[in-house]
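Student:
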Amino acid sequence: DVALGAPPLWTRLRAGKFAYVRMSLERSRNMLLDVEGVFPKKVPTSVSHAWRAAFKQSHRIRSLKFDCACDETDETIEWLDRIRPEFPELKTLFVRFDPGGIWELPPMFQKLHDNPTLETLRAYELSFASARKLFSAHLRHLELHEAVFPGPGDLASEKELLTALKELPQLR
């Protein structure tokens, strides 16, 4: 009974089962949330409802971690494009794309560039151009793993990366 009434124990959500997400959102009350999950190639109804419920509370999301197993032809991208949540409290974003996938950030996240609260960005298999859209002056921690550049060993890409890093005054 103690755990059921302790909001901090319900702030970590795994967007998968709608009933669990709904229950966690209720029990976490108005506390900030840490949300994680997968955007599969085809979004099953239960996952769709779970993500929608979580994104309806996007104003409470402190960290967001997701794996994207989709490509530009998938209905998942269309589904994500219809969702337009705001993330005013988001401090940490962790994105991982399947190798050989689209490597582009879904449009719903591209406006995070102007998010003054985003401090940590960890991206796997994301195009540098897409990751660059998330760089803001408040970014303190940046990890780009297997970043996709226009051309391998492209000197212009390396210069672009160095220029971008110089524009991040709080980066450690």
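In terms of the working numbering, the sequence shown is numbered consecutively and its last residue is 195. Even glycine gets a Cβ: it sits at the ideal position worked out from N, Cα and C.
Among the candidates 60, 118, 156, 110, whose CA atom is the shortest distance from the CA of residue 40?
Tutor: As a first step, residue 40 is located in the sequence shown; it is residue number 17 there, counting from the start. Ranking the options by Cα distance to residue 40, first place goes to 60.
Student: Measure the C-alpha to C-alpha separation of residue 156 and residue 140 and round it to an integer number of angstroms.
Tutor: Position 133 of the sequence shown holds residue 156. Position 117 of the sequence shown holds residue 140. If I take the Cα positions, the gap works out to 15 angstroms.
Student: Let me check understanding here. Comparing Cα to Cα, which of 153, 172, 162, 79 lies closest to residue 115?
Tutor: Working through the sequence shown from its first residue, we reach residue 115 at position 92. Nearest C-alpha to residue 115: 162.
Student: Classify residue 70 as buried or exposed, calling it buried when 16 or more other Cβ atoms lie within 10 Å of its own Cβ.
Tutor: By one-based count along the sequence shown, residue 70 stands at place 47. The residue in question, residue 70, is buried, as its Cβ has 16 or more Cβ neighbours within 10 Å.
Student: Suppose contacts are defined by Cβ-Cβ distances below 7 angstroms. Is residue 164 in contact with residue 143 by that definition?
Tutor: Taking the sequence shown and counting its residues from 1, one reaches residue 164 at position 141. Taking the sequence shown and counting its residues from 1, one reaches residue 143 at position 120. Yes, they are a contact pair.
Student: In terms of residues, what are the limits of the beta strand (DSSP E) holding residue 59?
Tutor: Position 36 of the sequence shown, counted from the first residue, corresponds to residue 59. Residues 56-62.
Student: Determine the direct distance from the alpha carbon of residue 118 to that of residue 88, and round the result to whole angstroms.
Tutor: In the sequence shown, residue 88 corresponds to position 65, counting from 1. In the sequence shown, residue 118 corresponds to position 95, counting from 1. Approximately 6 angstroms, taken between the alpha carbons.
Student: When you compare the CB positions of residue 80 and residue 48, do they come within less than 7 angstroms of one another, or not?
Tutor: Taking the first residue of the sequence shown as 1, we reach residue 80 at position 57. Taking the first residue of the sequence shown as 1, we reach residue 48 at position 25. The answer is yes: Cβ separation under 7 angstroms.
Student: Scan the region 67-93 and note each continuous alpha helix (DSSP H) run of 4 residues or more that stays entirely inside, going in chain order.
Tutor: 68-79
Student: Residue 37 and residue 76 look like a contact to me (Cβ under 8 angstroms); what is the Cβ gap, rounded to whole Å?
Tutor: To locate residue 37, count along the sequence shown from 1; it is residue 14. To locate residue 76, count along the sequence shown from 1; it is residue 53. No, residue 37 and residue 76 are not in contact; Cβ-Cβ is about 12 angstroms, not under 8 angstroms.
Student: Would residue 129 pass as a contact of residue 92 if the rule is Cβ separation under 7 angstroms?
Tutor: The residue you call residue 129 lines up with position 106 of the sequence shown. The residue you call residue 92 lines up with position 69 of the sequence shown. The answer is no: Cβ separation not under 7 angstroms.
Student: Output needed for residue 30: all residues of its chain with C-beta closer than 7 angstroms, excluding positions within five of it in sequence on either side, in chain order.
Tutor: As a working note, residue 30 is residue 7 in the sequence shown. The answer, listed in chain order, is 50, 51, 52, 54.
Student: The alpha helix (DSSP H) with residue 155 in it runs from where to where?
Tutor: Numbered from its first residue, the sequence shown carries residue 155 at position 132. From DSSP, the alpha helix (DSSP H) with residue 155 extends over 151-155.
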